[in-house]
Amino acid sequence: MPQRMLPEPTPETRHFWEGCAAGELRLQRCAHCAGKSYFPPRPFCPGCGSREVESYKASGKGVLWSYVINMRPRPDMGTEPYAIAVVQLAEGPRMMTNIVNCPQTPEALQLDMPLKVSFSKQNDTITLPLFEPA
Amino acid sequence: MKQKSIAVVGAAETTKMGRIPDLSVIGLHADAALNAMKDAGLKPSDIDGVATAGASPTELAHYLGITPTYADGTSVGGCSFMLHVRHAAAAINEGLCRTVLITHGESGRSRVGVGGRFGGGGGSSLNGQFEMPYGPSGPPTMFTIPVLRYLKTYNLSVEDLAWVSVIQREWAAKNPRASFRDPITVDDVLNSPMIAWPFRMLMCCLVTDGGGALILTSADRARDFPQKPVYVLGTGESVETQMVSQMEDFTSSKAFRVSGKKAFAEAGIKHSDVDHLMIYDAFAHLPLYGLEDLGFCKPGEAAAFVKERNTAIGGKLPLNTNGGGLSYMHSGMYGMYALQESVRQMRGIAPAQVPGAKISVCHGVGGMFAASGTIVFSNEKS
Ligand SMILES: [Zn+2]
């Protein structure tokens with residue numbers, strides 16, 4: 000199996016990937032927009048353009064927002080069908096992920112089911128934030 | 000160009016110059032943009048037009064939190080920005096938008112975040128970092144991601160999607176150039192091979208070869224040409240996000256709503272004035288989102304509208320009369336074929352001609368709900 004397609008962190012996103020490696024799901028929030036959280040990472044607030052933003056440790060909790068089950072696996076993802084999911088995080092933003100420790104079937108994957116983050120180490124730099132039933 | 004009708008009110012370079020190892024390409028665009036906005040005393044929400052080369056205008060707008068009604072991705076090399084100024088001047092004079100942001104950013108020396116152009120490519124692009132690692136393999140596994148949320152929100156089933164494919168095949172049957180013309184049933188659709196749950200093969204567009212071209216001139220000159228002129232009555236465009244996972248609402252496309260509203264307003268028409276409609280149908284759910292986001296149906300009501308044959312032959316709103324991307328053809332960027340069918344309908348020469356059609360709305364999508372363009376055509380000059 001070819002090596003899984005992995006993210007290449009940039010200076011603006013490195014804190015997120017370092018957080019995952021340290022077992023923390025890090026989001027960012029704006030000092031001006033009532034602390035509104037946003038994702039993906041960037042060094043300013045997409046709501047107001049302010050550069051006064053901070054990164055913080057999120058709860059890692061969310062619900063299953065939507066998904067598809069890829070019946071034609073990408074070669075680097077193995078040979079079994081897998082769900083490509085979007086999780087609605089408790090803090091507001093949504094992110095794409097995979098659901099682990101759960102059958103990859105429409106019956107098992109119910110929208111709005113509670114999920115929690117499950118970190119999956121890929122190499123020394125990259126740990127992916129996957130989710131599992133909470 | 001109307002002389003002195005347009006002015007530059009903000010201008011700035013990146014905060015640092017020379018060697019900037021702490022910003023990627025999109026970060027350099029954004030840094031310069033934020034500085035120019037500060038120079039002008041504007042916030043992202045004050046900008047309604049974007050133009051850039053190197054990055055995609057969709058990626059730029061979403062990164063900065065801008066909802067544009069004008070997006071220019073003209074990329075012809077180092078002079079792209081001169082062309083952007085010229086196009087922006089025309090756009091502002093024409094009322095397409097009021098305030099255009101033109102950006103540039105290049106990590107020519109440090110090479111940080113290079114290669115993520117148009118969002119799909121490199122592992123350092125936002126798509127490369129926050130979507131591709133989870134295994135999407137092309138549009139059938141990305142365009143489709145919002146749909147289960149749409150179905151749940153409106154208590155709909157996969158069968159409701161299947162009706163879109165069935166009714167469009169009926170249109171294709173009347174079109175000798177359509178790739179698939181044999182009738183299909185809902186059962187046929189629901190028994191076709193599963194591609195990406197809940198999408199089956201007959202809910203996905205074709206993959207074919209082809210092309211198209213259009214020629215435009217002023218309405219005053221148009222009468223001197225051999226073909227019946229088809230007039231542009233109104234136009235709209237917008238971009239939302241190059242990452243389908245970051246759509247604001249999984250049951251509706253913001254780019255569709257902004258683009259459609261602008262086109263209807265420019266054209267000065269009501270929905271009941273529309274005789275013919277094209278909605279880019281890369282997948283069976285797109286006509287449903289389109290019917291709702293363009294305002295032909297209330298949220299959640301498009302599936303019943305289709306199933307009740309309103310968009311079918313003899314219905315009150317003939318939709319995708321060439322058979323669409325689902326049955327006619329789809330070479331990759333289908334918008335050109337949707338435009339061709341609108342022009343045929345307005346000329347009165349379409350294989351499945353809508354009798355007496357005077358106004359055609361042609362609505363396209365780009366990327367996975369990333370961008371949108373809407374054109375309203377008429378075959379009457381006034
Ligand atoms: Zn803010």
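Chains as they are written, first to last, in numbering that gives the first Met the number 0: chain H, 0 to 133; chain L, 0 to 381. Note that beta-carbon positions come from the ideal geometry of N, C-alpha and C, so glycine has one too. No experiment lies behind these values; they were computed from the predicted model shown.
Query                                                                                                                                                                             : Result
Using a Cβ cut-off of 7 Å, pull out every chain H residue sitting near L/T143, in sequence order please.                                                                          : V67
Taking contact to mean 3 or more Cβ pairs, one atom from each stretch, closer than 8 Å, check whether the region 85–96 of chain L and the region 62–76 of chain H are in contact. : no
Out of curiosity, what's the CA-to-CA distance linking H/K194 and H/P8?                                                                                                           : Residue coverage of chain H in this structure runs from 0 to 133, which leaves residue 194 of chain H outside it and unanswerable.
H/C134: beta carbon under 6 Å from a heavy atom of ligand 1?                                                                                                                      : For chain H, the structure presents residues 0 to 133; residue 134 of chain H sits outside this window and is missing.
Give a yes or no on whether the C-beta atoms belonging to L/F295 and L/H270 are separated by under 7 Å.                                                                           : yes
Is there at least one non-hydrogen atom of ligand 1 closer than 6 Å to the beta-carbon of H/H31?                                                                                  : yes
Which of the three DSSP states, helix, strand or coil, is assigned to L/V342?                                                                                                     : helix
At 7 Å on the CB atoms, spell out the chain L contacts of H/F130, in chain order.                                                                                                 : Neighbours of H/F130 on chain L: none; closest Cβ ~10 Å, over 7 Å.
Under 7 Å between beta-carbons, which chain H residues line up against L/M131? List them in chain order, please.                                                                  : M4
For the alpha helix (DSSP H) containing L/P228, list its first residue and its last residue.                                                                                      : No alpha helix (DSSP H) contains L/P228, which DSSP labels as neither H nor E.
Assign L/K1 to one of two classes, buried (16 or more other C-beta atoms within 10 Å of its C-beta) or exposed (fewer than that).                                                 : exposed
Enumerate in chain order the residues of its own chain whose CB-to-CB distance from L/P138 is below 7 Å, with the five nearest sequence positions on each side excluded.          : A281 and M367
Which residues in chain H sit within 7 Å of L/S55, going by Cβ to Cβ distance?                                                                                                    : Residues of chain H passing the Cβ test: none, with the nearest at roughly 15 Å.
For L/I194, which residues from the same chain have a beta carbon less than 7 Å from its beta carbon, with the 5 sequence-adjacent residues on both sides left out?               : P139, M200 and C203
What alpha helix (DSSP H) runs, 4 residues minimum, are completely inside the region 132–156 of chain L?                                                                          : 146–152
Would you say L/C361 touches ligand 1, meaning its beta carbon is less than 6 Å from a heavy atom?                                                                                : no
Closer than 7 Å, CB to CB, is H/V62 near chain L or not?                                                                                                                          : no
So for H/D75, helix, strand or coil by DSSP?                                                                                                                                      : helix
Could you tell me the alpha carbon to alpha carbon distance between H/L5 and L/Q128, rounded to whole angstroms?                                                                  : 7 Å
Listing by chain order, which chain H residues have their CB less than 8 Å from the CB of L/V111?                                                                                 : T9 and P10
Find the residues of chain H that neighbour L/K42, judging by a C-beta separation of less than 8 Å, and give them in chain order.                                                 : C47 and G48
Three or more C-beta pairs under 8 Å: does that hold for the region 330–345 of chain L against the region 177–196 of chain L?                                                     : no
For the beta strand (DSSP E) that contains H/C29, what are its first and last residues?                                                                                           : R25 to C29
Under 7 Å between beta-carbons, which chain H residues line up against L/L125? List them in chain order, please.                                                                  : P39
Any heavy atom of ligand 1 inside 6 Å of the beta-carbon of H/C101?                                                                                                               : no
Which residues bound the beta strand (DSSP E) around L/S244?                                                                                                                      : First-last for L/S244: undefined, no H or E at that position.
Do you know offhand how far H/P132's Cα is from H/V99's?                                                                                                                          : 8 Å
Can you give me the C-alpha to C-alpha distance between H/T12 and L/T152, rounded to a whole angstrom?                                                                            : 33 Å
With DSSP collapsed to three states, give me the class of L/Q167.                                                                                                                 : helix
Please list, in chain order, the chain H residues whose beta carbon lies closer than 7 Å to that of L/T140.                                                                       : V67, N69 and I83
Could you run through the region 105–129 of chain H and flag, in chain order, every residue whose CB is less than 7 Å away from some CB of chain L?                               : P105, L110 and L127
In terms of alpha-carbon separation, which member of L/L215, L/S106, L/P56 and L/Y62 lies closest to L/H83?                                                                       : L/P56
So is L/G115 buried or exposed if we call it buried at 16+ other beta carbons inside 10 Å?                                                                                        : Only weak support exists for where L/G115 lies, its pLDDT of 46 falling under 50; the value from the coordinates is given anyway. L/G115 comes out buried.
Taking 6 Å as the cut-off, is the beta-carbon of L/C78 closer than that to any non-hydrogen atom of ligand 2?                                                                     : Ligands present in the displayed structure are limited to ligand 1, and ligand 2 is not among them.
Quick one: grab the DSSP three-state call for L/Y279.                                                                                                                             : coil
When you compare the CB of L/L95 with every CB in chain H, is at least one pair closer than 7 Å?                                                                                  : no
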